[in-house]
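> As they're listed, the protein sequences go chains A and B. Each residue of the first sequence is one higher than the last, beginning at -18 in the working numbering. Each residue of the second sequence is one higher than the last, beginning at -18 in the working numbering. Shown below is the structure under consideration.
Number of protein chains: 2
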Amino acid sequence: MSEDQDKTLPVDRRIEADITRAIYDQRMPPGTRLSEERLGELYDVSRTVVRKALFQLSSRKLVEIRANRGARVAQPSAAQAREVFAARATLEAAMLEESMTRLTPADIDALRATLAHDHDTPTNETDAAESIAESGDFHKALARLHGNPILQEFLDELIGQTSLIIALYRPREAELCSHAAHGELLDAIEAGDAARARETMHEHLMDCLDALALEPPPADALADMLGRAR
Amino acid sequence: MSEDQDKTLPVDRRIEADITRAIYDQRMPPGTRLSEERLGELYDVSRTVVRKALFQLSSRKLVEIRANRGARVAQPSAAQAREVFAARATLEAAMLEESMTRLTPADIDALRATLAHDHDTPTNETDAAESIAESGDFHKALARLHGNPILQEFLDELIGQTSLIIALYRPREAELCSHAAHGELLDAIEAGDAARARETMHEHLMDCLDALALEPPPADALADMLGRAR
DNA sequence: TCGATCAAAATTGTATCCAATCATGACGAC
DNA sequence: GTCGTCATGATTGGATACAATTTTGATCGA
């Protein structure tokens, strides 16, 4: 959907954007070490500028920097995951309700289009990543209708963190953020029922949260992972 | 209210905190140049660490960094000012409404105490700064009741930016964020009327926005400032 | 006297270097 | 044989040195 990077982007921005994209696309899993020297080699640049990029990323909570221990792709805790979804629920519900008064039919059509295009994409198992990204895009499209760039940018941040959360806590089977739910959402919007739209959004995000496997991993996850009885 | 810095704070954090405080207290006006070398001298540290602090501050939009032109205390435009207040209205109204269900009488008492203490402070003209900071504290106290650290932190950011906006656009006479409004807010909260509380919060912030002198400055503000007819 | 061009100074951006801290592996004691 | 200690290596944190850009002011010309 979004095109490749601008050629004129400063190198540090470029690194930042590349890592961000890699995280969004689930190519770079939580916990991945980000060595300053290695990144410097890859982009043919000194550690100074790499560090700059890493700091930017850490301020968006996509990477964690621990003193003297380097940077890793962030691994939000279960508690943080809940907080992110709760924050999204509060924010997106409020934004949506406020948007409702000034929604044009054209806006709604555009949303349907996004959803349709979304549905088109073949659900090959390998890129569930694709599906996740496009689900995020739908939420971003909704937020854009509200018209406040500050809230929009903040939500982008939260959606970014959601990528990490999904990577960490998505159960094997289920798909998150079902298309069906987005459809329901659109129905409520089209009906012009602000209160219901708000409520639907809130529930949708809480459903997404509930679909995650946030429970404390079984006491010895190790044995489980190895497929051995203890 | 909040005490002086922790002694064990890393230097870059310390610089960040000091500048933040100076901005909040209206001692460091928008547009102030922040020379890397000068700051380095002041804290007896190299530019490397100063830059780190400045970048942090710029990610919170308290300072603006322009390529090869150094850092200044940010000067939000009138448009940005509107966006900040609109974002606060949306967010704080939503948070407040959600908080209402789980508010205890103790919480309300604590808020009244904050407000009373707030009222106590003598309104000497010199520190209108004090009054601004405490008004911010009241809003932060409300947000804390919601219980979501992510939204809380984000709101802190917005309130910080509000300091800059007030510094830039407060008209000579008026006080912003009147105590009266906070009193009304508390009444609505105490009455347990979530919808009214939400609406009151929204209106309060919009009133604050309207009280600002955001209009494009008269074509030659310079002449005005010098008290000369053109 | 005003304006433009150009040179010098100051300031930021980046690279490199050294110091400090943490991780890894070997050795030795129990 | 296992655990603890210590030394070595790798990696980050910070300071300095250098390059690039901008700003300032000075000189020259109209």
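Beta carbons are placed, not taken as given, at the ideal position from N, Cα and C, and that holds for glycine. A quick note: this is a predicted structure, and the numbers were derived from the prediction, not measured.
Would you list the one or two residues that DSSP bridges to V44 (chain B)?
V44 (chain B) is bridged to B:V54.
> In this structure, does DSSP put R2 (chain B) in helix, strand or coil?
Of the three classes helix, strand and coil, the one that applies to R2 (chain B) here is helix, per DSSP.
> What does a CB cutoff of less than 6 Å around D(-7) (chain B) pick up in its chain, not counting 5 residues either side in sequence?
Taken in chain order, the residues that qualify are V30, K33, A34.
> Using a cut-off of 7 Å between C-beta atoms, extract the partners of P130 (chain A) located in chain B.
The contacting residues are E64.
> Name the residue from A:H127, A:M81, A:F119, A:Q133 whose alpha carbon lies nearest to the alpha carbon of A172 (chain A).
Minimum Cα distance to A172 (chain A) is reached at A:M81.
> Quick one: what's L15 (chain B) bridged to in DSSP?
Its beta-bridge partners are B:A52.
> Of all Cβ atoms in chain A, is any one closer than 8 Å to the Cβ of M76 (chain B)?
M76 (chain B) counts as touching chain A.
> Chain A partners of E180 (chain B), CB-CB under 8 Å?
Those within 8 Å of E180 (chain B) in chain A number zero; the least Cβ separation is about 12 Å.
> Counting only the same chain and skipping the five closest in sequence on each side, list residues whose C-beta sits under 7 Å from that of Y5 (chain B).
Around Y5 (chain B): A114, G141, S144.
> Measure the C-alpha to C-alpha separation of L132 (chain A) and L23 (chain A) and round it to an integer number of angstroms.
So the alpha carbons of these two residues sit roughly 34 Å apart.
> Our contact map puts P130 (chain B) next to E64 (chain A) with C-beta atoms below 8 Å; I'd like the distance itself, whole angstroms only.
At roughly 6 Å, the Cβ-Cβ gap stays under 8 Å, so P130 (chain B) and E64 (chain A) are in contact.
> Going along chain B in order, which residues have a C-beta closer than 7 Å to the C-beta of A59 (chain A)?
By Cβ distance, chain B contributes nothing, its closest Cβ being about 14 Å from A59 (chain A), past 7 Å.
> Run the CB neighbour count on T(-11) (chain B), radius 10 Å, all protein chains shown included, and call it buried at 16 or more, exposed below.
With fewer than 16 other Cβ atoms within 10 Å, it is exposed.
> Can you grab the Cα-Cα spacing for the pair R93 (chain B) / L20 (chain B), in whole Å?
About 41 Å.
> Nearest by alpha-carbon distance to K121 (chain A): which of A:T95, A:I146, A:A110 is it?
Out of A:T95, A:I146, A:A110, A:T95 has the C-alpha closest to the C-alpha of K121 (chain A).
> Could you check which residue in A:L38, A:H127, A:R28, A:S112 has the C-alpha nearest to that of S16 (chain A)?
Residue A:R28 is the option with its Cα nearest to S16 (chain A).
> From L193 (chain A) to V54 (chain B), what does the alpha carbon distance come to, in whole angstroms?
Each residue's Cα considered, the two are about 42 Å apart.
> Please name the residues in the stretch 121 to 145 of chain A whose beta-carbon is closer than 7 Å to at least one beta-carbon of chain B, in chain order.
Under the 7 Å Cβ criterion, the stretch 121 to 145 of chain A contributes N129, P130, I131, L132, F135.
> Helix, strand or coil: how does DSSP classify E196 (chain A) here?
Here E196 (chain A) sits in coil by DSSP.
> May I ask you to report which of helix, strand or coil DSSP gives L(-10) (chain B)?
DSSP places L(-10) (chain B) in coil when its eight states are reduced to three.
> I'd like to know whether the C-beta of A68 (chain A) is nearer than 8 Å to at least one C-beta of chain B.
Cβ-Cβ to chain B under 8 Å: yes for A68 (chain A).
> So what's Q7 (chain A) in DSSP terms, helix, strand or just coil?
Three-state result, Q7 (chain A): coil.
> Between Q37 (chain B) and chain A, is there a C-beta pair that is closer than 8 Å?
Yes, Q37 (chain B) counts as interfacial toward chain A.
> In the stretch 108 to 175 of chain B, which residue ranges form an unbroken alpha helix (DSSP H) of at least 4 residues, counting only runs that do not cross its ends?
Whole alpha helix (DSSP H) segments, 4+ residues: 109 to 127, 130 to 150, 160 to 172.
> Indicate whether at least one CB of chain B lies closer than 8 Å to the CB of S80 (chain A).
So, not an interface residue.
> Taking the straight line between their C-alpha atoms, what separation do you get for I170 (chain B) and A74 (chain A)?
If you take the alpha carbons of I170 (chain B) and A74 (chain A), they lie about 21 Å apart.
> To the nearest angstrom, report how far apart F135 (chain B) and M187 (chain A) are at their CA atoms.
In a straight line, the C-alpha of F135 (chain B) is about 21 Å away from that of M187 (chain A).
> Look at the Cβ atom of R2 (chain A), then the Cβ atom of G51 (chain A), and state whether they are nearer than 8 Å.
No, the pair does not count as a contact, with Cβ atoms beyond the cut-off.
> Hey, quick one: how far does the alpha helix (DSSP H) through S27 (chain A) stretch, first residue to last?
S27 (chain A) -> no alpha helix (DSSP H), and no H or E assigned at all.
> Would you mind stating whether P11 (chain A) and L149 (chain A) have Cβ atoms separated by less than 8 Å?
In contact: P11 (chain A) and L149 (chain A) (Cβ atoms closer than 8 Å).
> Looking only at its chain, what residues have a beta carbon closer than 7 Å to the beta carbon of L190 (chain A), apart from the 5 residues adjacent to it on each side?
Only R63, F66 meet the Cβ criterion.
> Ignore the nearest five residues each way along the sequence and tell me which others in E18 (chain B)'s own chain have a CB closer than 7 Å to its CB.
The residues are R28.
> Considering only the beta carbon of each residue, do R83 (chain A) and L139 (chain A) sit closer than 8 Å?
Going by C-beta atoms, R83 (chain A) is not nearer than 8 Å to L139 (chain A).
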